[in-house]
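Sequence order for the protein chains is A and B. Residues 1 to 236 in our numbering are what the first sequence spells out, letter by letter. Residues 1001 to 1236 in our numbering are what the second sequence spells out, letter by letter.
There are 2 protein chains.
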Amino acid sequence: MSSAKDEAGTGKPPMRDALVTAAFRLFLERGYEQTTVDDIVALAGVGRRSFFRYFPSKEDVVFPDHERCLADMTDFLAGGSDDDEPVGRVCDAARLVLRMYAENPTFSVQRYRLTKRVPGLRAYELSVVWRYERALAEYLRRRFAARREGTLQADVIAAAVVAAHNNALRSWLRSDGQGEASTAVDHALAYVRSAFGGAPVPPAAEQPADVVVVVARRGAPLWRVVQEIEATLGRD
Amino acid sequence: MSSAKDEAGTGKPPMRDALVTAAFRLFLERGYEQTTVDDIVALAGVGRRSFFRYFPSKEDVVFPDHERCLADMTDFLAGGSDDDEPVGRVCDAARLVLRMYAENPTFSVQRYRLTKRVPGLRAYELSVVWRYERALAEYLRRRFAARREGTLQADVIAAAVVAAHNNALRSWLRSDGQGEASTAVDHALAYVRSAFGGAPVPPAAEQPADVVVVVARRGAPLWRVVQEIEATLGRD
DNA sequence: CCTTGGTGTGCACTGAGTGCCACGAATGGT
DNA sequence: ACCATTCGTGGCACTCAGTGCACACCAAGG
C-alpha cells in the first residue's frame, strides 16, 4: 500500500523504518512478548514475510542500527595508523557507540526501558555488545601481537572498556537522556586508561607508561632483574 | 522405564542425566541445530513434555550445571567477611567456575567445541557468563559502596576478572584440557589484580613456573617491588 | 476405600522462523 | 512495442520450540 517511491535524498527503504516504528508502538503499549510479528506487520500494513526479509529475528527490530554501528567501528579501527596509542584508539572506538545512542535520545531511552524489563531482549543485547567487544579485542590483539601476554591483555582491556562505556551509558539512559552523555563516558574511560595506562609498546613508547611489566626467567640473577626495573621504574 | 529409585548418596534425578547424555550424543554426531527435542527424548526413552520439565529450553541442556555453580558463587561471595580484600575475593569466586569446568574435562571440551560452532549456543553462553559477571559486580558494588566511583570500578573490575578468567579457560579448553587449568587462570587473574591496585601478586604459585611476571605501577616504591620479586623468584 | 501429592506423559495450541512459489513492477535488450 | 530478467513483495504451508491442560500412575496416609 501507499507509496512505492523512495524518499528523495536517502536510499533507505521506507518499509524498514515503518516496521521499526510500528513495532515500537506496539512494544511500548502492550509489551514485547505480548506483541506478535503478525501484529507488527498488520499495523505496518505489510506482509509477514517481508518482516523477516528486513530483520532476521523479532529481536533484531529492537536494535535496528547496531549492525551499521559495528561496521563503522571496524572501519574506524582498521583506518588507524600504527602510531596511535592502542588503548586510546579503542576508547575512541567505544565513543562511536555512544554517539549512536546520543543521536536519538528518546528512542534510546525507550529501548533501554524495554530491554531492562524483557529477559529475552537483555540476552540479545548481550550478543550485540559481545560483537563490539570482540571487535575491540581483535584490534588490540593485533596491536599487542609483539607482547608476551598480548591476547590476555587485549581481552581484559577490551572488556574493561566496554564495561566502563556501558556503565556510563546506562547511567545516562537512566536519567532519561538528560545532560551530556559524553562527559560521563569520558570520565569512565579515563578510569580504565588510568588502570591500564598507555602500555610500553616496544617500537615507539612515546607517552609515559603508568604500568611497567617485567618478565624474568626463573633462576635469573636477582641483581639483573632489579637493574632492569630500576632503569625503567626508578626514573619516575 | 528403568528404575524409579534414586541412586544412593545422591539425590539427583537420573532422568535429567539421561537427557543430558542423550542430547550430547546426538549433538556431537549430527549437530545441535539438526537435533530436535523429539530426537533427544526418543533416544532417552522419555516423553517430550518431561524434557521441558527439567530444562526450560533446548539450550539449557548444554549447560546443565551452571545454575548450581552460580548459586555456589553467590553463596561464596555472601559468606565472606569484610576483612577480605575485595578483588582477591572476586578472583577466588571466579576460580569456582574454573573448578566446575575442570571437574569434567572431556565434557567441558566437547561443550566448548559445540558452543564455538553454534551461534545460538554462543549467545546463550553469553547470558550465562553475564550472570556470573553480575554476581561479581554486585558484590564489588557493595564492598565499594563508600568509594566515590564505586559502581564504575565494580563493573569494570568484574568485567576484567571475567575476561581474564575466560581467556585462560578458553586456552585450556583449546588444548583439549591438557595441563593444569588453574595455573593459567592464576596467571591471568594476577594480571588483573596488578592493574587494579590490589597487592601485586599475593600467593606464591605452588607449581614451578618457567617465567615469573611482575606488574608494578609506576610510582610504586622500589623496595616493595623488589621484595615481591625476591619472594617468588629468589626461592628457586 | 478414597484421598492427596508428586512425577511422568499425551495432546492440542501458539508463535517464531523458513522454503517455495506466484505476482507485479521496474529494467533492459532487440 | 515486445519479451526476458531481475527484484521486491506477499501468500501459503511447514518445522520446531515452548506452554497449558488434563490424565495416568504410584506412593503415603487417613
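The beta-carbon is built from N, C-alpha and C at its ideal position, and this holds for glycine as well. None of the values given here were measured: they were computed from a predicted structure.
Buried or exposed for residue 1175 of chain B, please, with buried defined as at least 16 other CB atoms from any protein chain shown within 10 angstroms of its CB. exposed
Tell me the residue span of the alpha helix (DSSP H) that contains residue 1195 of chain B. Per DSSP, residue 1195 of chain B is one residue of the alpha helix (DSSP H) stretching across 1181-1195.
Kindly give me the distance between the Cβ atoms of residue 62 of chain A and residue 122 of chain A, rounded to whole angstroms, as I take these residues to be in contact under 8 Å. With 8 Å as the limit, residue 62 of chain A and residue 122 of chain A do not qualify as a contact, their Cβ atoms being about 11 Å apart.
Against chain A, with Cβ distances strictly below 9 Å, would residue 1052 of chain B count as a contact? By this cut-off, residue 1052 of chain B is not an interface position.
Buried or exposed, going by whether 16 or more other CB atoms sit within 10 Å of the CB of residue 197 of chain A? buried
Environment of residue 148 of chain A [buried if 16+ CB atoms lie within 10 Å]: exposed
Which chain A residues are close to residue 1149 of chain B, counting only those with a beta carbon under 9 Å from its beta carbon? Within 9 Å Cβ-Cβ: 187, 188 and 191.
Identify which residue in B/1117, B/1101 and B/1134 has its Cα closest to the Cα of residue 1090 of chain B. B/1134
Interface residues of the region 126-152 of chain A facing chain B [CB-CB below 7 Å]: For the region 126-152 of chain A, the beta-carbon criterion of a distance under 7 Å to any beta-carbon of chain B is satisfied by 126, 127, 130, 149, 151 and 152.
Find the residues of chain A that neighbour residue 1022 of chain B, judging by a C-beta separation of less than 8 Å, and give them in chain order. Chain A residues near residue 1022 of chain B: none, gap ~26 Å exceeds 8 Å.
Please list, in chain order, the chain A residues whose beta carbon lies closer than 7 Å to that of residue 1160 of chain B. 156, 159 and 160
In terms of alpha-carbon separation, which member of B/1140, B/1177 and B/1145 lies closest to residue 1159 of chain B? B/1140
Would you mind sorting residue 86 of chain A into buried or exposed? The rule is 16 or more other CB atoms within 10 Å of its CB. It is buried - the Cβ of residue 86 of chain A has at least 16 other Cβ atoms within 10 Å.
What does residue 196 of chain A touch in chain B if you count any residue whose Cβ is under 8 Å from its own? 1195
Please name the residue, chosen from A/168, A/126, A/116 and A/138, that lies closest to residue 182 of chain A on a Cα-to-Cα basis. A/168
Tell me whether the beta-carbon of residue 115 of chain A lies closer than 9 Å to the beta-carbon of residue 124 of chain A. yes
Mind pulling the chain B residues with CB within less than 8 Å of residue 167 of chain A? Neighbours of residue 167 of chain A on chain B, chain order: 1151, 1152, 1155 and 1156.
I'd like to know if residue 1174 of chain B contacts chain A, where contact means its C-beta is closer than 9 Å to some C-beta of that chain. no
How is the alpha helix (DSSP H) around residue 1139 of chain B delimited, first residue to last? 1119-1143
Within 9 Å, strictly: CB atoms of residue 1094 of chain B and residue 1189 of chain B: The beta carbons of residue 1094 of chain B and residue 1189 of chain B sit closer together than 9 Å.
So which residues on chain B does residue 164 of chain A lean against when the C-beta distance must stay under 7 Å? 1152 and 1156
Return the CA-CA distance between residue 1043 of chain B and residue 1035 of chain B, expressed in angstroms with no decimal places. 11 Å
Quick check on residue 1105 of chain B: does DSSP put it in helix, strand or coil? helix
Note down, in chain order, each residue of its chain lying with its Cβ closer than 6 Å to the Cβ of residue 1073 of chain B, except the 5 sequence neighbours on either side. 1093, 1096 and 1135
Near-chain B residues of the region 26-45 of chain A - C-beta to any C-beta below 8 Å: If the cut-off is 8 Å between Cβ atoms, the region 26-45 of chain A has nothing near chain B.
DSSP three-state label for residue 1153 of chain B, please. helix
What does a CB cutoff of less than 6 Å around residue 1193 of chain B pick up in its chain, not counting 5 residues either side in sequence? Within the same chain, residue 1193 of chain B has close Cβ partners 1087.
Give a yes or no on whether the minimum CB-CB distance between residue 1117 of chain B and chain A is below 9 Å. no
DSSP three-state label for residue 29 of chain A, please. helix
Give the residues of chain B in contact with residue 123 of chain A, contact being defined as C-beta atoms less than 9 Å apart. 1123, 1124, 1126, 1127 and 1130
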